[in-house]
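> Chains A and B supply the protein sequences, listed in that same order. When the first sequence is numbered by my numbering, its final residue is 459 and no position is left out of the sequence of numbers. When the second sequence is numbered by my numbering, its final residue is 1070 and no position is left out of the sequence of numbers. The beta-carbon is built from N, C-alpha and C at its ideal position, and this holds for glycine as well. What follows is a structure written as structure tokens; I'll ask about it next.
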Amino acid sequence: MKKSKISSSFKDPSGFIYQVDGKIYRQINLIYKDNFDFLITSGLYERLKKQKLLIAHSEVDIKYAHDKNAYKVIKPKFVPFISYPYSWSFSMHKDAALLTLKIQKIAMEYGMSLKDASAFNIQFLDGRPIFIDTSSFERYKEGLPWVAYRQFCQHFLGPLSLMSKKDIRLSQLFKIYLDGIPLDLVSKLLPKTTYLNFMLLFHIHIHANSQSKWADKQININKQKINISKIQLQALLDNLYSGIEKLSLKETRTEWGDYYTFTNYDRKAFDDKSHIIKKMIKAVNPKTVWDMGANDGHFSRIAADYGAKTIAFDIDPIAVEKNYLNIKKNKEKNILPILVDLVNPTSDYGWSNEERTALIKRGPADTVMALALIHHLAIGNNLPIRKIAKFFAKLGKFLIIEFVPKKDSQVKKLLASREDIFLDYSQENFEHEFRKYFELIQKQKVKNSLRTIYLYKKI
Amino acid sequence: MLVIFLVIFGFAFLVLPGDVHAYLDPGTGSFMIQILIGAVLGSIYFIRLYWAKLKQFVMSFFSKKTNEKK
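Quick look at the structure:
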């Protein structure tokens, strides 16, 4: 058996996740024995599993243990793609926050409490958020405040309130502050009108104040008794829950949000493009698809409907949000919308550059789709075609890519305000460069347009 | 609001975090604010309850009167 630790799992002594022959396991350490047993015997695990709030697991033989500290070994249900909070849309982050609070409220009914409230403990599975850290529960002691409250505010309330009240792009601060956005910074960035919002006044502004007030005070924590009753703590959780539920995005129209409404596509071209993609997906029969530049996921759904686990990446937070809201409404299970800037994809972050994995390392996908994208990379971002071909070769085994020539009105628009310095941007050069990394399987012109769609296989 | 804050927060100074074994640093300030919020929400709950009882009392008085008239 080849066992290897997963580099993100090291902070909590209760247990950790690791791989055995490529499969994910969680070791429950002896130190966490009592809490783990209580999670199971109290019925809390069963309740959370039944409601699909906590990841289901099966107990496996102790021989799978990573080391001698093991009390038990469990094998959690497989999550095909690990996503991080800085890649979620507003409503994804909001649903993750509400899920965390819901779990904490239910846990308290069973005499337990979450000892951490990290947004990284939430993943998206079958179109819904799910809590994945089975060793996050501990016995609740009446009178004590919630240990994970600070983390909850930094990981959830901070980013959500900034996105809602200031600017949707501020969610990206999470990339810099991996333990959540510091509350004094959130407080400074939020508009002054948020002092009138009870939840934000107390949980952000006064909370930030209180943190700085107590920052350098030495107190003996074992001699004194803290005083927050169970009912008061439940009221605090309810207050957070209803406050977060009310947070919403201001009406925002972005560059791409209305792409399909205002595009120059005629119906026939659009239908033909869908038809070609359907045929190509069928030919490849992929298990996983990465749709790069998916907008609100129209073409991703072709792959998802075919049964492929599809990740719909886009740079526009509103497009990702629209996609997620559709998934929620229609209870779609095969699509996961992800916010990413392809010219600066999510990198390795955290301790030793190993805690959070770069996007490219979370692949490769069976099939990559890049529809109506190449002109944005080549002309919008000055990327040479040979570099684009090399990048896509890293992402997946098959590639469905659309070439958009200079005469296309979308490219004309990109070139309208600038000098055409893109001498290598031609269909001939595109084919020449992509041949270096890929073998051509199919090539098809889209009716009523100047565009061509290629199906490539990586050499 | 400021007065309420000072009164309750002044009280909170006397109460300090108790027996805690956490692998995360919960933060003293974050502990204190929970006590404050708990107290504020508790008072609001109490006032609402009291208000509802008062309303009920007044309403019952009126309804009795109407009954008497009948």
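(1) Alpha carbon to alpha carbon, what distance is there between Gln410 (chain A) and Leu450 (chain A)?
(2) Using a Cβ-Cβ distance under 8 Å, would Ile302 (chain A) count as near chain B?
(3) With DSSP collapsed to three states, give me the class of Val290 (chain A).
(4) Over the uninterrupted beta strand (DSSP E) stretch that includes Asp238 (chain A), give me the two end residues.
(5) Within 8 Å, do at least three Cβ pairs link the region 172-180 of chain A to the region 75-89 of chain A?
(6) Based on the DSSP secondary-structure assignment, which residues constitute the bridge partners of Val60 (chain A)?
(7) Using the Cα positions of Trp88 (chain A) and Asn227 (chain A), report the straight-line distance between them to the nearest angstrom.
(8) Counting contacts by CB-CB distance shorter than 8 Å, is Ile1047 (chain B) in contact with chain A?
(9) With a threshold of 8 Å, are at least 3 pairs of Cβ atoms found where one atom belongs to the region 54-67 of chain A and the other to the region 130-137 of chain A?
(10) From what residue to what residue does the beta strand (DSSP E) around Ser113 (chain A) run?
(11) Determine the closest residue to Gln19 (chain A) out of A:Gly350, A:Asp67, A:Asp272, with distance taken between C-alpha atoms.
(12) Using a beta-carbon distance cut-off of less than 8 Å, what residues from the region 141-154 of chain A approach chain B?
(13) My guess is that Lys75 (chain A) and Tyr25 (chain A) are in contact by the Cβ rule of under 8 Å, so how many angstroms apart are they, rounded?
(14) List the residues that DSSP assigns as beta-bridge partners of Met369 (chain A).
(15) Check the Cβ-Cβ distances between Leu236 (chain A) and every residue of chain B, and say whether any is below 8 Å.
(16) Are at least three pairs of beta-carbons, each pair with one atom in the region 145-156 of chain A and one in the region 1021-1036 of chain B, less than 8 Å apart?
(17) Does the region 108-119 of chain A touch the region 320-330 of chain A, meaning 3 or more C-beta pairs lie closer than 8 Å?
(18) Starting from the Cα of His376 (chain A), find the closest Cα among A:Lys328, A:Gly111, A:Glu355, A:Asn295 and give me that residue.
(19) Cα separation between Ile28 (chain A) and Asp37 (chain A)?
(20) Please say whether Ile276 (chain A) and Gln427 (chain A) have beta carbons closer to each other than 8 Å?
(21) Note down, one range per segment and in chain order, each beta strand (DSSP E) of at least 3 residues found wholly within the region 326-376 of chain A.
(22) Chain B beta carbons: is any one of them nearer than 8 Å to that of Asp12 (chain A)?
(23) So is Ser164 (chain A) in contact with chain B if we call contact Cβ pairs under 8 Å?
(24) Span of the beta strand (DSSP E) holding Pro129 (chain A)?
(25) Should the region 344-359 of chain A be called in touch with the region 148-156 of chain A, which here means at least 3 C-beta pairs below 8 Å?
The relevant details are as follows:
(1) Position 450 of the first sequence, counted from the first residue, corresponds to residue 450 (chain A). Position 410 of the first sequence, counted from the first residue, corresponds to residue 410 (chain A). Between Leu450 (chain A) and Gln410 (chain A), the C-alpha separation is close to 11 Å.
(2) Position 302 of the first sequence, counting from 1, holds the residue named residue 302 (chain A). Output row for Ile302 (chain A): interface = no.
(3) Working through the first sequence from its first residue, we reach residue 290 (chain A) at position 290. The sequence shown places Trp at residue 290 (chain A), not Val. Three-state result, Trp290 (chain A): strand.
(4) Within the first sequence, residue 238 (chain A) is the residue found at index 238, counting from 1. Run containing Asp238 (chain A): none in the beta strand (DSSP E); it sits in the alpha helix (DSSP H), 230-246.
(5) yes
(6) Position 60 of the first sequence, counted from the start, is the residue given in the question as residue 60 (chain A). Paired residue(s): A:Val73.
(7) Within the first sequence, the letter at position 88 stands for residue 88 (chain A). Within the first sequence, the letter at position 227 stands for residue 227 (chain A). Using only the alpha carbons, I get a separation of about 37 Å.
(8) The count along the second sequence starts at 1 and reaches residue 1047 (chain B) at position 47. Chain A, which has no Cβ nearer than 8 Å to the Cβ of Ile1047 (chain B), makes this no.
(9) yes
(10) Residue 113 (chain A) sits at position 113 when you count from the first residue of the first sequence. Looking at the DSSP string, the run of the beta strand (DSSP E) that includes Ser113 (chain A) is 112-114.
(11) Mapped onto the first sequence, residue 19 (chain A) falls at position 19. With distances taken between Cα atoms, Gln19 (chain A) lies closest to A:Asp67.
(12) Lys141, Gly143, Leu144, Pro145, Trp146, Val147, Ala148, Tyr149, Arg150, Gln151, Cys153
(13) Translated into the one-based positions of the first sequence, residue 75 (chain A) becomes position 75. Translated into the one-based positions of the first sequence, residue 25 (chain A) becomes position 25. Right, the Cβ-Cβ distance comes to about 5 Å (below 8 Å), so this counts as a contact.
(14) Within the first sequence, the letter at position 369 stands for residue 369 (chain A). For Met369 (chain A), which the question treats as bridged, DSSP gives the partners A:Asp291, A:Ile400.
(15) Your numbering for residue 236 (chain A) matches position 236 in the first sequence. Yes, its Cβ sits closer than 8 Å to a Cβ of chain B.
(16) yes
(17) no
(18) Position 376 of the first sequence, counted from the first residue, corresponds to residue 376 (chain A). Checking every option, the nearest Cα to that of His376 (chain A) belongs to A:Asn295.
(19) Mapped onto the first sequence, residue 28 (chain A) falls at position 28. Mapped onto the first sequence, residue 37 (chain A) falls at position 37. The straight-line gap from Cα to Cα measures roughly 10 Å.
(20) Position 427 of the first sequence, counted from the start, is the residue given in the question as residue 427 (chain A). Position 276 of the first sequence, counted from the start, is the residue given in the question as residue 276 (chain A). Not a contact, by the Cβ cut-off of 8 Å.
(21) 335-339, 365-370
(22) For the purposes of this step, residue 12 (chain A) is taken as the residue at position 12 of the first sequence. Chain B contact via Cβ: present.
(23) Here the question's residue 164 (chain A) lines up with position 164 in the first sequence. With 8 Å as the cut-off, Ser164 (chain A) does not count as an interface residue toward chain B.
(24) For the purposes of this step, residue 129 (chain A) is identified with residue 129 of the first sequence, where counting begins at 1. Here the beta strand (DSSP E) through Pro129 (chain A) covers 128-131.
(25) no
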